[in-house]
Amino acid sequence: MTRPVLVIFAKAPVIGGAKTRLARGIGKVSAWRLYRAMTARLMRRLADRRWDTVLAVAPDAALKRCFPGVWPPGVKRRAQGPGDLGARQARVFSGRGPVCVIGSDAPDVTRADIASAFKALKRHDAVTGPALDGGYWLLALNAPAPRGLFEGVRWSHAQTLSDLEARLAAHGLSVARLRALADVDEAGDLRRQNRPASP
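Using our numbering, you'd call the opening residue of the sequence shown number -2 and step up by one each time.
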């Protein structure tokens, strides 16, 4: 088995470049500040010797930029590339596993969650982390993603996780589920989690 890899999908932390739905509710500057704080906190919290961490960044041009205080200087980075979330995840899952992918918008993810995902991959082909809005905050695979795995998945939809798990089952993959977590996509998500709009 190769060394586990945690891939964190992140957008460049620039005003107007990330959390656009959240910005509609709390303003661009507040959304930018919150996103920077969430991303920096997540990167610090999930750093661990048990796995390699890679930051998959968008847009691709952000690969050449530094964002001190947000993206740690020593972390490996790669471009997400073009396409919808499925196309971008398919590229990340094209190599050998185990690989675990998360976004940067689920503030309550812990090292224990990531360790649980890699542990579950010893008994299952895939692991999902359900988000409370019907999406998912984590997907882990122990082998390259089957061709067409993400076809037909409705993104940013209440059935995103259901669609994904149906596709995993259609490819004959066994699936373990982790605990459900909230992610922060809109202003209502902040209110439900009782989090301030600014860090």
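Think of the CB as a built atom: it goes at the ideal place given N, C-alpha and C, for glycine as much as any other residue.
Top-ranked residue by Cα proximity to residue i, from the options
| i | options | result |
| --- | --- | --- |
| Gln77 | Gly132, Ala55 and Val124 | Ala55 |
| Lys116 | Lys8, Ile23 and Gly94 | Gly94 |
| Ile12 | Arg30, Arg38, Pro1 and Ile5 | Arg30 |
| Gly132 | Arg151, Ala123 and Arg188 | Arg151 |
| Arg18 | Asp182, Leu187 and Asp186 | Asp182 |
| Pro10 | Gln86, Ala20 and Pro1 | Ala20 |
| Ala123 | Leu129, Lys16 and Leu135 | Leu135 |
| Pro79 | Thr(-1), Asp57 and Thr107 | Asp57 |
| Ala114 | Val2, Gly66 and Ala137 | Ala137 |
| Ala112 | Ala44, Asp102, Gly24 and Ala155 | Ala44 |
| Phe6 | Cys97, Val26 and Ala34 | Cys97 |
| Gln86 | His154, Leu170, Leu187 and Leu3 | Leu3 |
| Ala155 | Ala166, Pro141, Leu170 and Asp130 | Asp130 |
| Arg108 | Trp68, Arg120 and Arg41 | Arg41 |
| Ala184 | Val67, Lys8, Gly22 and Gly14 | Gly22 |
| Thr50 | Ser159, Ala34 and Trp68 | Trp68 |
Continuous alpha helix (DSSP H) stretch holding residue i: start and end
| i | result |
| --- | --- |
| Lys25 | Lys25 to Leu43 |
| Asp202 | Here the chain covers residues -2 to 196 and nothing more, so residue 202 does not appear. |
| Phe147 | Segment: none, Phe147 is in no alpha helix (DSSP H) and carries neither H nor E. |
| Arg108 | Arg108 to Ala117 |
Residues near residue i by beta carbon distance below 7 angstroms, same chain, minus five either side
| i | result |
| --- | --- |
| His168 | Pro143 and Leu146 |
| Glu162 | Thr125 and Val172 |
| Arg189 | Ala179 |
| Asn139 | Gly94, Pro95, Leu118 and Asp122 |
| Gly66 | Ala37 |
Outcome for residue i when other beta-carbon atoms lying within 10 angstroms are tallied against a minimum of 16
| i | result |
| --- | --- |
| Arg47 | exposed |
| Gly100 | buried |
| Asp81 | exposed |
| Arg164 | buried |
| Pro1 | buried |
| Ala37 | buried |
| Arg176 | exposed |
| Ala103 | buried |
Span of the beta strand (DSSP E) around residue i
| i | result |
| --- | --- |
| Gly126 | Ala123 to Pro127 |
| Lys8 | Val2 to Lys8 |
| Ala155 | Neither: Ala155 is in no beta strand (DSSP E) and is coded neither H nor E. |
| Val89 | Element bounds for Val89: not the beta strand (DSSP E) but the alpha helix (DSSP H), Leu82 to Val89. |
| Trp134 | Tyr133 to Leu138 |
| Met76 | With the sequence shown as reference, residue 76 is identified as Ala, and Met is not the correct amino acid for it. Here the beta strand (DSSP E) through Ala76 covers Lys73 to Ala76. |
| Ala173 | Val172 to Arg174 |
Same chain, Cβ closer than 8 angstroms to residue i, five either side skipped, listed in chain order
| i | result |
| --- | --- |
| Leu60 | Val54, Arg74, Arg75 and Ala76 |
| Cys63 | Pro70 |
| Ser174 | Reading off the sequence shown, one finds Arg at residue 174, where the question assumed Ser. Taken in chain order, the residues that qualify are Val124, Thr125, Gly126 and Pro127. |
Same chain, Cβ closer than 6 angstroms to residue i, five either side skipped, listed in chain order
| i | result |
| --- | --- |
| Lys16 | Ala28 and Tyr32 |
| Gly83 | Phe147 and Val150 |
| Arg88 | Gly78 |
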